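First up is the structure itself, then whatever we jot down about it.
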Amino acid sequence: MDSPVTNKKNNTLKQVIEHMTETNSSFSFLMNDNDQVTGLITVRDIILQFAPPCVNSSIGGGGFFELALEQSGCH
Numbered sequence: 001m002d003s004p005v006t007n008k009k010n011n012t013l014k015q016v017i018e019h020m021t022e023t024n025s026s027f028s029f030l031m032n033d034n035d036q037v038t039g040l041i042t043v044r045d046i047i048l049q050f051a052p053p054c055v056n057s058s059i060g061g062g063g064f065f066e067l068a069l070e071q072s073g074c075h
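Every letter in the sequence shown is one number past the one before it in full-length UniProt numbering, and letter 21, counting from 1, is 21.
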């Protein structure tokens, strides 16, 4: 089994996204300075920070965007 993806709580969002991309993971545990889990961030969490609550799903956008709409409950 692979090790879980972890990031420090004070990492930037860019660093978290890069680490998740490098490891092909859809989530990452957030750790404090004592290496205790303090949170969890998912691809869905990241998408929702940049997308309006619901986009007109009839516009379409192909693969990634269709999946993002489905995961955010807008499709």
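Cβ atoms here follow ideal geometry from the backbone N, Cα and C, with glycine treated the same way.
Predicted model, so just to flag it, every value in this text is computed and none were measured.
Among residues of its own chain, excluding the 5 on either side of residue i, which ones have a beta-carbon nearer than 8 Å to its beta-carbon?
| i | result |
| --- | --- |
| Gln15 | Asn7 |
Residue i by DSSP, collapsed to three states: which one?
| i | result |
| --- | --- |
| Val16 | helix |
| Lys8 | strand |
| Thr23 | coil |
Would you report the Cα separation of residue i and residue j, rounded to the nearest angstrom?
| i | j | result |
| --- | --- | --- |
| Ile41 | Thr21 | 13 Å |
| Thr23 | Val5 | 7 Å |
Just reading off the alpha helix (DSSP H) that residue i is part of, what are its end residues?
| i | result |
| --- | --- |
| Gln49 | Val43 to Phe50 |
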